[in-house]
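Residue numbers (the UniProt record's numbering): 1 to 687.
Beta carbons are placed, not taken as given, at the ideal position from N, Cα and C, and that holds for glycine.
Given the structure is predicted, the values throughout are model-derived calculations rather than measurements.
Below, the structure written as structure tokens:
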């Protein structure tokens, strides 16, 4: 009291107290504890019990215990009343029961939806008439009963329309018309997807998400189990399939048109991010990462660089690193915030995002948050698997229910935040969305192969080859690609004669030789400056000596103008023919490493980056001493990536269109690779 503190300072005094918390018990004792929880200062007990009791008891069992055993004031003995936290007054006991019933109706009114008899609701109504006549609780239960009965009648009357996805009479499912889809503005599509997601998420009954309930969904007798969760998942899958059908559904689309549709969906995903709709955002990203869309490498090459960066940033949100830590932290950070917190590493994307966000703020419209429900379902199933339902003595493990309630509470918090949305349905879009015919996995994959085959035919035609090479370099490499000069007489020079700087480029395969013998041995018809055969000792590529052979090159050009190919049966030992050989007659020529052939412990492989067309590759020399980390590091260097990130990438060999050969971490690439197929490899970032 004698201390003098400045006016702006305050003193806080803290007191530590112990709270009695139930860890386990029989059902009777757990129900009894509902009446004494407030007195024991365990204020969360009622909420935890009501949110999780369906895992170990039915509503009827709990209601009978609460009303018949503890709530029947006429038959309760004085000893039983005394045991209830020494409550001797019937008025106090009545008030406790009323508070539990009120909380039950507030938090879990769906527990009483038992058509057509509504036995629990009628039992509760009968109890209130006898013990609390003319109370607010009685009128509330009566209104709830009427509401359930009316909704049941509406459900029966509207069954036909809802079962056909709300289609208007005469309408049929159809494949999306690209022009009709393009007519919808990006933010309109995102808002309508958010509207549908919000309506479904708000209806989710939290206990439907419990692992002990949701994990039983696949049993035949449980086909109607957890309908609110099923509805949310059905919507998620509908969005995913809609994305795929709009991209692949029309065979006549050109490469650029298909790329524009992909760009549009990426913009829509970004709008969903601004609206904090993580459900549709993930659905769109999942569709774009699906096998049938992901493999459209030629189409992806036509997507602009800025939009690809936006796509990568959105995909990073759902990275599975550290149990999806990024999406979890972001979800909790924005759960109760008014607007999205947008941070973009790309300046142009950040400007657009801030502009859209400012527009939302100017309207004064607050936003809720729609989560990806699958994260919570996974957590609850994991908890249900890891923790026992019963502990020693056959007691219900209530500590497990507390852990489950931590997840349920997050769902409830996000459901309440969804009340902040103020979205108006656009029936034109909703009807378009619902009448889309979804492709099966087999159909989408077949259409994807057809689209890619048609694209490859166009992209590799002589007329379009030159422009596509330039397009590739502009989009992905940021530098001009090396283009082959016109055919000139070649001069002989040693390997070290090439003075080319190792500035990387993309090479497009176009062998002009007879395809009967030389097609599978052509290394790099369009040589690139980084080619390992153009430098003495191949720069950093080990295991190659300059005396192995020579390559024809123009001394002044800094790049090879010839192509290394198998000389055929007429030439001996794999030596390289040139117009002015300069080799000593009669000398035994040594074999030079070539593509698609292992010779004297070395060969050349082509490594392309995952996500790019196979024609954008780097040629790398490997020896029989090289292991996966060495080759991966060289491939990263060739692709202008950080060589220290070896652990983040994996190297696989392409066996066929749908098969790959994966290598163990320290495998010897030379001996481990399949030498009967093309030496084509893919460098892919690990999941």
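Exercise for the section: Ignore the nearest five residues each way along the sequence and tell me which others in residue 216's own chain have a CB closer than 6 Å to its CB. Expected result: 222
Handout entry: residue 634 to residue 651 span [Cα, whole Å]
Key = 11 Å
Practice task
Count the other C-beta atoms from every protein chain shown that fall within 10 angstroms of the C-beta of residue 272, then say buried if there are 16 or more, exposed otherwise.
Solution key: buried
Exercise for the section: Please report how far the alpha carbon of residue 628 lies from the alpha carbon of residue 644, in whole angstroms. Expected result: 14 Å
Handout entry: Spatially closest choice to residue 611 from 429, 661 and 312, by CA coordinates
Key = 312
Handout entry: Collapsed DSSP secondary structure at residue 217 in the structure displayed
Key = coil
Exercise for the section: Give the range of the beta strand (DSSP E) segment to which residue 604 is assigned. Expected result: 602-609
Handout entry: Where the beta strand (DSSP E) through residue 654 begins and ends
Key = 649-656
Exercise for the section: Measure the CB-CB distance between residue 129 and residue 138 and report whether it falls below 9 Å. Expected result: yes
Exercise for the section: Have a look at residue 569 and residue 599 and give me their C-alpha separation to the nearest angstrom. Expected result: Annotation note: pLDDT 36 at residue 569 (below 50); position unreliable, coordinate value reported separately. For residue 569 and residue 599, the distance between alpha carbons rounds to 16 Å.
Handout entry: DSSP state of residue 675 mapped onto helix, strand, coil
Key = coil
Handout entry: Same chain, Cβ closer than 8 Å to residue 381, neighbours up to 5 away in sequence not counted
Key = 211, 214 and 215
Practice task
State buried or exposed for residue 625, treating a residue as buried only when at least 16 other CB atoms are found within 10 Å of its CB.
Solution key: exposed
Exercise for the section: State the Cα-Cα distance for the pair residue 656 and residue 305, rounded to the nearest angstrom. Expected result: 29 Å
Practice task
Kindly identify the DSSP beta-bridge partner or partners of residue 118.
Solution key: Answer is none; residue 118 lacks a bridge partner.
Problem - Own chain residues within Cβ distance below 7 Å of residue 202, not counting five before or after - result: 415 and 418
Practice task
May I ask whether a heavy atom of the ligand NAP can be found less than 8 Å away from the beta carbon of residue 42?
Solution key: This structure does not include the ligand NAP; it has no bound ligands of any sort.
Exercise for the section: Could you check the C-alpha separation between residue 408 and residue 207 for me, to the nearest Å? Expected result: 8 Å
Handout entry: Nearest-angstrom Cα separation, counted from residue 609 out to residue 638
Key = 10 Å
Practice task
Within the same chain, show all residues whose beta-carbon is closer than 6 Å to that of residue 315, passing over the 5 residues directly before and after it, in chain order.
Solution key: 285
Exercise for the section: Would you verify that the beta carbon of residue 616 is, or is not, closer than 9 Å to some beta carbon of chain C? Expected result: This model lacks chain C altogether; it includes just one protein chain.
Practice task
Measure the C-alpha to C-alpha separation of residue 683 and residue 662 and round it to an integer number of angstroms.
Solution key: 11 Å
Handout entry: Straight-line gap, residue 127 to residue 369 (C-alpha atoms, nearest Å)
Key = 40 Å
Handout entry: residue 406 classed as buried or exposed, judged by whether at least 16 other C-beta atoms fall within 10 angstroms
Key = exposed
Problem - Run of the beta strand (DSSP E) containing residue 681, from where it starts to where it stops - result: 680-685
Exercise for the section: May I have the straight-line CA-CA distance separating residue 250 from residue 636, to the nearest angstrom? Expected result: 37 Å
Problem - residue 269 - containing alpha helix (DSSP H), residue span - result: 255-274
Exercise for the section: Could you spell out the range, first to last residue, of the alpha helix (DSSP H) harbouring residue 33? Expected result: 27-36
Practice task
Out of 134, 224, 264 and 97, state which residue places its alpha-carbon closest to the alpha-carbon of residue 243.
Solution key: 264
Handout entry: Beta-carbon proximity check, residue 298 vs residue 262, cutoff 9 Å
Key = no
Exercise for the section: May I ask which residues mark the beginning and end of the alpha helix (DSSP H) holding residue 280? Expected result: 278-288
Problem - Counted within 10 angstroms of its Cβ, other Cβ atoms place residue 401 as buried (16 or more) or exposed - result: buried
Practice task
Please classify residue 18: does DSSP put it in a helix, a strand, or coil?
Solution key: coil
Problem - Limits of the beta strand (DSSP E) - the one that residue 61 falls within - result: Note, residue 61: premise wrong, no beta strand (DSSP E); alpha helix (DSSP H) at 59-64.
Handout entry: For residue 24 and residue 388, the rounded distance between their alpha carbons
Key = 11 Å
Exercise for the section: Compute the Euclidean distance between the alpha carbons of residue 325 and residue 274, then round it to the nearest angstrom. Expected result: 20 Å
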